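Step one of this worksheet: look at the structure below.
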Amino acid sequence: MTDRQIIFGDASDRLRWNVTGDEWSFPILSASAHVILSSGAQPFEPIAFTGSRGSKLADAVATVSGRGATFETTHALDPFEGLTIMVQLPKGAVAPPTTAQLSDWWWRDNLGWVVLIYGFAAVFAYMMFTWLWFGRDPKAGTIVPRWDLPMGISPALMSYIFDGTLRDEGKTALTATVLDLAVKGYVVLDGLDHLVTIRRTDLPISDGLPAGHIAILDMLHAHEGEMSLASLHEDDIEAVLLNFKVGVEAENDGRFYRQNKILFHLGIIISGAAAFAWLVVIDLNETAMKLVFFFSLAPLFLNAGIWKLLKSRRNPYSWMKRLLNFMGLAILAGMWVFGALLFSAMLYEDTGMNIAFQALLVVWGGVTFNQIFLVLIGSTTRAGAKIRDHITGLRLYLTVGEMDRMNIRDAPELSPAHFETLLPSAIALGIEKPWRAAFKAHLISGQSLTGPSYAPSWFVGDDDDAISGLSRFAESVAASLHSGADDSNSSAGSGGGGGGGGGW
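Residues 1 to 504, numbered by UniProt numbering, are exactly what the sequence shown covers, in order.
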């Protein structure tokens, strides 16, 4: 049973009906239709169309006899072709819809939009309210170059405060912490390239050592004071990262940065409830439902990739890396647009334009909206804002050129001790390369005849140029963490686990 097939006009009404449909994958040998008016009125001006959707072919006969009209094809219909009929009806032959029927039809047509709009309004109101009350950072202060470290703030915690998360799943911060332990005399690094071995020294743990540092020392103690990251199994690596991230979270303890995850998860629940209500009133078929759930993953990963590239633009890169970053953004943005269009086109085939556009807003818009909320809802505390300003000033000092650094008032001499003190923080903040390059240039300018000479006490190895070794240190540790996990996949008894961190 169907309704709303009659178009009501001023002088007459018109019946238009797709008799067969046009999505059959097999031919139709013949098709016919009979229209009979029960009121006794006589139809007039019968017309029949054949062919694919939108075709104006009329390979059919249409006749009127008494109070009925007959339509019949004159030849077989090919796959995806159909028969559509149209006939004029005398005014009054069919009763026009009542006000109640018109209201019912309006709600049937627009209920999805009503639920979508009110659901979006509820989600937006919640997110805006929570952001205004909990997500806004204090206003930044005056930024000046700083060459001192924030009191009581570890390199890993500096990265956490500045980025709102531990970048690269905590691997960069862990690398910085290992080097900080070496500079402070708690460990010795054997080999800065390829296989890095960490050895515990006899220096006792001092009071106030950050929790992230202690987590690494505890892991060393569990491995009898010596640990090669490349030889660790997957479960050991995940334990190192998990314990380290838990330690950094304990250092923060909500004092400097709050991720406000409970507020974010509540927003997810509200968004999910709104999306579920929309799905209930729309009542998609099985194919359309699968498309909705499958394509909901696409913007999730694409948005995460775009955000990661956007954040990385804050770091000082060469023009080549900036070009590659821009190309990556362009590719991901193109994939984002293409995915949205593909999703709409595929859903259009099953549901039509109206539902397809609504689904695009629910899936693409809903996922993107919640990911933006995840970025915005994290907030720096007032104490954290002061530390963040300090870190911003330190980043400025670490990334300026040698001449600019010399012009900074009261800036200390770029000695090996000063270089080592700030190096772990430079690694944690992703700006180790300009700081290392500045120190190397300083050594060369001061020892032009003999070349750069730098031999830190915490490094044991065959590398004659420790600065060049440091340029590979972060990559070596990260590669060791990855290769250890890969090698463990073929070993019996390797386990899973892990977690922590925040952000995208």
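Glycine included, C-beta positions come from ideal geometry on N, C-alpha and C. Because the structure is a prediction, the values reported are computed rather than measured.
Whether residue i touches residue j by CB criterion (8 Å)
| i | j | result |
| --- | --- | --- |
| residue 60 | residue 48 | yes |
| residue 279 | residue 305 | no |
| residue 119 | residue 274 | yes |
| residue 137 | residue 359 | no |
| residue 505 | residue 430 | Residue 505 lies beyond the stretch modelled for the chain, which goes from 1 to 504, so this question has no answer here. |
| residue 505 | residue 378 | For the chain, the structure presents residues 1 to 504; residue 505 sits outside this window and is missing. |
| residue 156 | residue 428 | yes |
| residue 41 | residue 79 | no |
| residue 4 | residue 105 | yes |
| residue 212 | residue 244 | yes |
| residue 225 | residue 199 | yes |
| residue 387 | residue 256 | yes |
| residue 248 | residue 307 | no |
| residue 302 | residue 335 | yes |
Cut-off 7 Å between Cβ atoms - residues of its own chain near residue i, not counting five sequence neighbours on either side
| i | result |
| --- | --- |
| residue 53 | 22 |
| residue 8 | 96 |
| residue 277 | 115, 119 |
| residue 398 | 422, 426, 431, 434, 435 |
| residue 448 | Summary for residue 448: the model assigns pLDDT 43, below 50, so the residue's position carries little reliability; its value from the coordinates is reported in the next sentence. Cβ within range, chain order: n/a, list empty. |
| residue 31 | 19, 20, 73, 77, 83 |
| residue 111 | 281 |
| residue 126 | 267, 270 |
6 Å CB neighbourhood of residue i in its chain, flanking five on each side removed
| i | result |
| --- | --- |
| residue 391 | 158, 162 |
| residue 179 | 424 |
| residue 356 | 344, 347, 348 |
| residue 16 | 86 |
| residue 490 | Low per-residue confidence applies at residue 490: pLDDT is 39, beneath 50, and the placement is therefore not dependable, though the value from the model is reported in the following sentence. Excluding residues within five positions, none has a Cβ falling inside 6 Å. |
| residue 240 | 219 |
| residue 174 | 244 |
| residue 502 | Per-residue confidence for residue 502 stands at a pLDDT of 38, beneath the threshold of 50, marking its modelled position as unreliable; the derived number appears in the next sentence. Closer than 6 Å at the Cβ level, and outside the excluded window around residue 502, lie 165, 259. |
| residue 130 | 263 |
| residue 351 | 288 |
| residue 39 | 93 |
| residue 57 | 50, 51 |
Residue i - containing alpha helix (DSSP H), residue span
| i | result |
| --- | --- |
| residue 41 | No alpha helix (DSSP H) holds residue 41; DSSP gives it neither H nor E. |
| residue 227 | No alpha helix (DSSP H) contains residue 227, which is instead part of the beta strand (DSSP E) from 226-228. |
| residue 351 | 319-351 |
| residue 214 | 211-222 |
| residue 118 | 99-130 |
| residue 412 | Unbroken run through residue 412: none, as it is neither H nor E. |
| residue 134 | Careful: residue 134 lies outside any alpha helix (DSSP H) and carries neither H nor E. |
| residue 427 | 416-428 |
| residue 307 | 297-312 |
| residue 243 | 234-252 |
Beta bridge counterpart(s) of residue i as assigned by DSSP
| i | result |
| --- | --- |
| residue 257 | 380 |
| residue 90 | 12 |
| residue 167 | Paired residue(s): none; residue 167 is not in a bridge. |
| residue 32 | 72 |
| residue 48 | 85 |
| residue 460 | 190 |
| residue 77 | 28 |
| residue 7 | 14 |
| residue 57 | 50 |
Extent of the continuous beta strand (DSSP E) run through residue i
| i | result |
| --- | --- |
| residue 143 | Segment: none, residue 143 is in no beta strand (DSSP E) and carries neither H nor E. |
| residue 71 | 68-73 |
| residue 62 | 60-65 |
| residue 20 | Taken as a continuous stretch (DSSP letters only), residue 20 belongs to no beta strand (DSSP E), as it is neither H nor E. |
| residue 200 | 197-200 |
| residue 188 | 187-190 |
Cβ-Cβ separation, residue j to residue i (assumed contact under 8 Å), whole Å
| i | j | result |
| --- | --- | --- |
| residue 424 | residue 176 | 4 Å |
| residue 295 | residue 363 | 6 Å |
| residue 414 | residue 442 | 5 Å |
| residue 477 | residue 196 | 6 Å |
| residue 298 | residue 339 | 5 Å |
| residue 36 | residue 94 | Contact flag wrong, Cβ pair sits at about 12 Å. |
Contacting residues, own chain, Cβ-Cβ under 8 Å from residue i (five flanking each side not counted)
| i | result |
| --- | --- |
| residue 458 | 182, 183, 185, 187, 188, 189 |
| residue 300 | 367, 371 |
| residue 325 | 309, 312, 313, 317 |
| residue 450 | Residue placement at residue 450 cannot be trusted, given a pLDDT of 44 that sits under 50; what the coordinates show is reported in the next sentence. Nothing listed; no residue qualifies. |
| residue 322 | 313 |
| residue 208 | 152 |
| residue 508 | Lying before the first or after the last residue shown, residue 508 is absent from the chain, which here runs from 1 to 504. |
Cβ of residue i within 8 Å of any chain C Cβ
| i | result |
| --- | --- |
| residue 105 | Protein chain content of the structure displayed is limited to a single chain, and chain C is not contained in it. |
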